[in-house]
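Counting from 46, one number per residue, gives the positions in the sequence shown under the working numbering. For each residue, glycine too, the CB sits at the ideal point set by N, CA and C.
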Amino acid sequence: MDTPIIIIPSKLSKGEELVVVRRRDFDIFQNWRQEVKDALAKIGRGRKEYRAQKTISVLSPRVFR
């Protein structure tokens, strides 16, 4: 089975390289990107609280009991 070839006009791409991916792969990528953004935001908040000494340092989980 031959792969269909589509020519994209340079006016549309404005001279940039374009990449075509399956919709499913793009959705997976978008979800991953959102999770990473969320995780980095949480890490940033945690570091900010740690610098402001708003965190509790414990040596053992038993301290919470």
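Which of the three DSSP states, helix, strand or coil, is assigned to residue i?
| i | result |
| --- | --- |
| serine 58 | helix |
| proline 49 | coil |
| lysine 93 | helix |
| leucine 104 | coil |
| arginine 67 | coil |
| glutamine 79 | helix |
| lysine 87 | helix |
Inspect the beta-carbon positions of residue i and residue j and report whether they are closer than 7 Å.
| i | j | result |
| --- | --- | --- |
| isoleucine 53 | leucine 63 | yes |
Measuring only the C-alpha atoms, how far is residue i from residue j?
| i | j | result |
| --- | --- | --- |
| valine 65 | phenylalanine 71 | 9 Å |
| arginine 69 | serine 58 | 23 Å |
| isoleucine 99 | isoleucine 88 | The sequence shown places lysine at residue 99, rather than the isoleucine named in the question. Straight-line Cα distance between these residues: approximately 14 Å. |
| alanine 84 | leucine 104 | 25 Å |
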